[in-house]
Amino acid sequence: MTITTSEDYRDRFVERLSQNMPGRKDFQVASASGCTLTDDEGRTYLDMTSGIGVANVGHCHPRVVAAVQEQVARYAHVNVYGRFVVPEQVEMVDRLVAAAGPGFDMAYLLSTGAEANECALKLARKVTGRPKFVAMERAYHGRSFGALSVSWREEWRTPFEPLLPEVEFVPFDDLAAAAAAIDDRTAAVIVEPIQGEGGIRVPSDGFLPGLRSLCDDAGALLIADEVQGGMGRSGRWFAHQHWDVRPDIVTCAKATGGGLPLAAVLARAELFATFVDPPLSHLTTMGGNPVACAAGIAAYDVIVDEGLLDNATEVGAYLRDELSTMMTDFPGLLVDVRGKGLWCALEVSVDANPLVTRMQELGVLTGSVLNQSGTVRIMPPLVITRSEVDVFLEALRTTLGEIA
Ligand SMILES: Cc1ncc(COP(=O)(O)O)c(C=O)c1O
Numbered sequence: 004m005t006i007t008t009s010e011d012y013r014d015r016f017v018e019r020l021s022q023n024m025p026g027r028k029d030f031q032v033a034s035a036s037g038c039t040l041t042d043d044e045g046r047t048y049l050d051m052t053s054g055i056g057v058a059n060v061g062h063c064h065p066r067v068v069a070a071v072q073e074q075v076a077r078y079a080h081v082n083v084y085g086r087f088v089v090p091e092q093v094e095m096v097d098r099l100v101a102a103a104g105p106g107f108d109m110a111y112l113l114s115t116g117a118e119a120n121e122c123a124l125k126l127a128r129k130v131t132g133r134p135k136f137v138a139m140e141r142a143y144h145g146r147s148f149g150a151l152s153v154s155w156r157e158e159w160r161t162p163f164e165p166l167l168p169e170v171e172f173v174p175f176d177d178l179a180a181a182a183a184a185i186d187d188r189t190a191a192v193i194v195e196p197i198q199g200e201g202g203i204r205v206p207s208d209g210f211l212p213g214l215r216s217l218c219d220d221a222g223a224l225l226i227a228d229e230v231q232g233g234m235g236r237s238g239r240w241f242a243h244q245h246w247d248v249r250p251d252i253v254t255c256a257k258a259t260g261g262g263l264p265l266a267a268v269l270a271r272a273e274l275f276a277t278f279v280d281p282p283l284s285h286l287t288t289m290g291g292n293p294v295a296c297a298a299g300i301a302a303y304d305v306i307v308d309e310g311l312l313d314n315a316t317e318v319g320a321y322l323r324d325e326l327s328t329m330m331t332d333f334p335g336l337l338v339d340v341r342g343k344g345l346w347c348a349l350e351v352s353v354d355a356n357p358l359v360t361r362m363q364e365l366g367v368l369t370g371s372v373l374n375q376s377g378t379v380r381i382m383p384p385l386v387i388t389r390s391e392v393d394v395f396l397e398a399l400r401t402t403l404g405e406i407a
């Protein structure tokens, strides 16, 4: 297939692909490498979004490309969850449980974040036999019916009701509210340890350990949604590892497949045992696809071999320090900077969208978040260098200067 450089694709894209936003698209992607995207006119952009948290090892990392090419030439799909051993799945899960640490010895492989959360909610119901879920205000867990039921923003839930019947939302980082909601009907509490679409919100230190003990007291499970925060984004493999807390179930997706669709639900083997009774209590055709696993294995190994957790911590601290300094130059305009690792939010007192558009004109891709207006999301590939961060900072300074 030959891809041409033409206006034609722009029209056909909006004609042929079901759109969730009005209007034509900004540019046609030609290629991507590391932290850089190139458009069909040869213009380059510094990608401070990682395709929304997917390209943690950068775009087209040579080791991921080689692993995909090698695997697809051997076999792409055989029969997942059928009668065969698929060794790439074993290698992938070995790595994920090593990253998750004690308390996690098994995984169920899927393709997307919503699917992983769907599976986690089902698992919690099956294990506890209880109907109710407690979720957080500003939470985002995906758009399938179960995941949507525990996602906060009402305008996206209401048109699709009835959803799961017993879901109670409590403010994030409010243990008293959580204590009032968690009871002996609660199957699980689902929480993003650091909220992503809610505006990169880091909870206070007692919140997650407090949720853990509330769950223990009530006999409920704790599900950590690490779809956005996993695979090194915050400087640890999983965001909950910044605190002394062990969830019962962890979900991950996005960066897990090194750019290919791969998701996982991690838990203790005894929880997953309930999926065998009756057999096939949960099932997917494409989950744990061998090519996605090969890419995920390569991406995991890149994170280890290139020290990307440390890079996320160090370059992330540099980024936030510089942004905090910039806050003093633009008082009343740049009003907050928060985050962990290379997962950072800028809060501006004006509409964030024109800022994102202007940054793009200056060759830097940033983005907004779904559940908090005025927030600019910064989550570059974990391979980013300080000098690339400086390019971003310069474009931001220019843009804020124009707005001010
Ligand atoms: C925390 C979190 N959970 C779940 C999802 C849904 O993942 P997916 O879009 O792969 O279904 C997202 C997507 O942004 C997310 O940020």
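When we follow our numbering, the leftmost residue of the sequence shown carries the number 4, and every step to the right adds one. Idealized CB from N, CA, C, for every residue including glycine.
Three-state secondary structure (DSSP) of residue i
i: residue 255; result: strand
i: residue 370; result: strand
i: residue 408; result: The displayed coordinates of the chain run from 4 to 407. Any statement about residue 408 would go beyond what the structure contains.
i: residue 239; result: coil
i: residue 116; result: helix
i: residue 152; result: helix
i: residue 319; result: helix
i: residue 376; result: strand
i: residue 337; result: strand
i: residue 42; result: strand
i: residue 52; result: coil
i: residue 99; result: helix
i: residue 47; result: strand
i: residue 145; result: coil
i: residue 132; result: coil
i: residue 314; result: helix
i: residue 79; result: coil
Continuous alpha helix (DSSP H) stretch holding residue i: start and end
i: residue 403; result: 389-406
i: residue 360; result: 355-364
i: residue 159; result: 157-160
Rounded C-alpha distance that separates residue i from residue j
i: residue 405; j: residue 195; result: 35 Å
i: residue 252; j: residue 284; result: 17 Å
i: residue 124; j: residue 222; result: 15 Å
i: residue 89; j: residue 134; result: 35 Å
i: residue 330; j: residue 336; result: 8 Å
i: residue 170; j: residue 140; result: 11 Å
i: residue 34; j: residue 262; result: 14 Å
i: residue 384; j: residue 144; result: 22 Å
i: residue 13; j: residue 30; result: 8 Å
i: residue 129; j: residue 188; result: 13 Å
i: residue 314; j: residue 165; result: 45 Å
i: residue 370; j: residue 212; result: 31 Å
i: residue 307; j: residue 201; result: 29 Å
i: residue 402; j: residue 231; result: 27 Å
i: residue 160; j: residue 172; result: 13 Å
Per-residue burial, residue i [other beta carbons within 10 Å of its own, 16 or more giving buried]
i: residue 303; result: buried
i: residue 24; result: exposed
i: residue 260; result: buried
i: residue 294; result: buried
i: residue 215; result: buried
i: residue 239; result: buried
i: residue 77; result: exposed
i: residue 27; result: exposed
i: residue 345; result: buried
i: residue 193; result: buried
i: residue 62; result: buried
i: residue 235; result: buried
i: residue 105; result: exposed
DSSP bridge partner residues for residue i (one or two, in chain order)
i: residue 111; result: 268
i: residue 347; result: 342, 381
i: residue 184; result: DSSP, once it has assigned bridges, lists no residue as partnering residue 184.
i: residue 138; result: 172
i: residue 198; result: 204
i: residue 193; result: 226
i: residue 261; result: 263
The beta strand (DSSP E) enclosing residue i, as first and last residue numbers
i: residue 310; result: Counting along the chain, residue 310 falls outside any beta strand (DSSP E), and DSSP gives it neither H nor E.
i: residue 229; result: No beta strand (DSSP E) contains residue 229, which DSSP labels as neither H nor E.
i: residue 32; result: 32-36
i: residue 283; result: From DSSP, residue 283 is part of no beta strand (DSSP E); its letter is neither H nor E.
i: residue 217; result: Per DSSP, residue 217 belongs to no beta strand (DSSP E); it is in the alpha helix (DSSP H), 210-221.
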